[in-house]
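Q:
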Amino acid sequence: MTSASSTTTDEVNRRFTVDDVSDPNTVLRPIEGYQSVVILSLEEATKTVASLFRNLERDIWLAKKVTETLKAYLSHD
426 MTSASSTTTD
436 EVNRRFTVDD
446 VSDPNTVLRP
456 IEGYQSVVIL
466 SLEEATKTVA
476 SLFRNLERDI
486 WLAKKVTETL
496 KAYLSHD
């Protein structure tokens, strides 16, 4: 017997999907609230979940190395 709160692999969490992504001209709803959040470095932002990932520190270092050429478009942190 399964509980009502259990999910199957066929179920989709609609909160994380967009209804129609097939049209590249679709205007998506903006993410609200981020303007008032303090900007953190990638290391600081991932500190609370770091124990869940193997080699996260290395992966962050690699991501920063790869994006060094994009400094005009992204902040390095």
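Quick note on my numbering: the sequence shown kicks off at 426 and runs consecutively.
Glycine included, every Cβ here is placed at the ideal spot set by N, Cα and C.
For T394, which option in L467, R479, V462, S476 has the closest C-alpha, if you only look at C-alpha atoms?
A: Residue coverage of the chain in this structure runs from 426 to 502, which leaves residue 394 outside it and unanswerable.
Q: Specify the secondary structure class of I485 as computed by DSSP and reduced to three states.
A: In the structure shown, I485 sits in a helix (DSSP, three-state: H, G or I).
Q: Return the Cβ separation of L481 and A475 in integer angstroms, given the expectation that the two are a contact with Cβ distance under 8 Å.
A: Indeed, because the Cβ distance is near 5 Å, the residues count as touching under 8 Å.
Q: For I485 versus T494, is the C-beta spacing smaller than 9 Å?
A: Not a contact, by the Cβ cut-off of 9 Å.
Q: Compare the C-beta of I456 against all C-beta atoms of chain B and say whether one is closer than 9 Å.
A: The structure shown contains no chain B; it is built from a single protein chain.
Q: Could you check where the alpha helix (DSSP H) with L477 kicks off and where it finishes?
A: Neither: L477 is in no alpha helix (DSSP H) and is coded neither H nor E.
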